[in-house]
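Remarks on the structure that follows.
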Amino acid sequence: MDEDFKSWVERFAAQLTVDGERVPFERVLAYHFDEITKLRATSGLTWRSMASLLARAGARRADGGLISADQLRVGYARLARRGEKATEQSQPPAAESSGGL
């Protein structure tokens, strides 16, 4: 396994808990969004593979269950859509036509 990916998996799993308190999965996923994008583009791993590696690193949901491939995929897609909306909203509005004045 690539060292970048291994270290990412370990960091992700560790950041799900702070001083014994659970951190929401979506928050940790958002923090790692750019790195996940890069790793998915370069590693060739599937969502299922990533979920399996996270499970081996000890990553768990708040209820103690495993983080599923679908949970990763859907959470990532939601964050990507939010990012697109934020980008659209931060762009200046298109110049209005003068209407033939």
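Numbered per full-length UniProt numbering, the sequence shown finishes at 101, counting up by one with no gaps.
For glycine and all other residues, C-beta sits at the position ideal for the given N, C-alpha and C.
Inset, instruction - Write down the C-beta distance between residue 67 and residue 25 rounded to the nearest angstrom, noting that I regard them as a contact closer than 8 Å. - result: Along the sequence shown, one-based indexing puts residue 67 at 67. Along the sequence shown, one-based indexing puts residue 25 at 25. Confirmed, about 7 Å.
Inset, instruction - For the segment 49-66 and the segment 7-19, state whether three or more C-beta atom pairs, one from each stretch, are separated by less than 8 Å. - result: yes
Legend entry - Range of the contiguous alpha helix (DSSP H) that encloses residue 7: Counting from 1 along the sequence shown, the entry for residue 7 is found at position 7. Counting along the chain, the alpha helix (DSSP H) containing residue 7 begins and ends at 3-14.
Inset, instruction - Please go through the same chain and pick out, in chain order, the residues whose beta-carbon is closer than 7 Å to the beta-carbon of residue 17, but skip the five residues on each side of it. - result: What you label residue 17 is simply residue 17 of the sequence shown in a count that begins at 1. For residue 17, where only same-chain residues beyond five positions count, the Cβ hits under 7 Å are 23.
Legend entry - Euclidean distance between Cα positions of residue 79 and residue 36: Within the sequence shown, numbered from 1, the residue matching residue 79 stands at position 79. Within the sequence shown, numbered from 1, the residue matching residue 36 stands at position 36. Going by the C-alpha atoms only, they are around 12 Å apart.
Legend entry - Pair within 8 Å by beta-carbon distance, residue 45 and residue 9: If you number the sequence shown from 1, residue 45 lands on position 45. If you number the sequence shown from 1, residue 9 lands on position 9. Cβ distance not < 8 Å, so residue 45 and residue 9 don't count as in contact.
Inset, instruction - Tell me where the alpha helix (DSSP H) around residue 52 begins and ends. - result: Here residue 52 is taken as the residue at index 52 of the sequence shown, counted from 1. 47-56 is the span of the alpha helix (DSSP H), which, as asked, contains residue 52.
Inset, instruction - Less than 8 Å between the CB atoms is what I'm expecting for residue 75 and residue 29, so what's the real figure, rounded? - result: One-based indexing of the sequence shown puts residue 75 at position 75. One-based indexing of the sequence shown puts residue 29 at position 29. Between residue 29 and residue 75 the Cβ distance is about 5 Å, and since that is below 8 Å, they are a contact.
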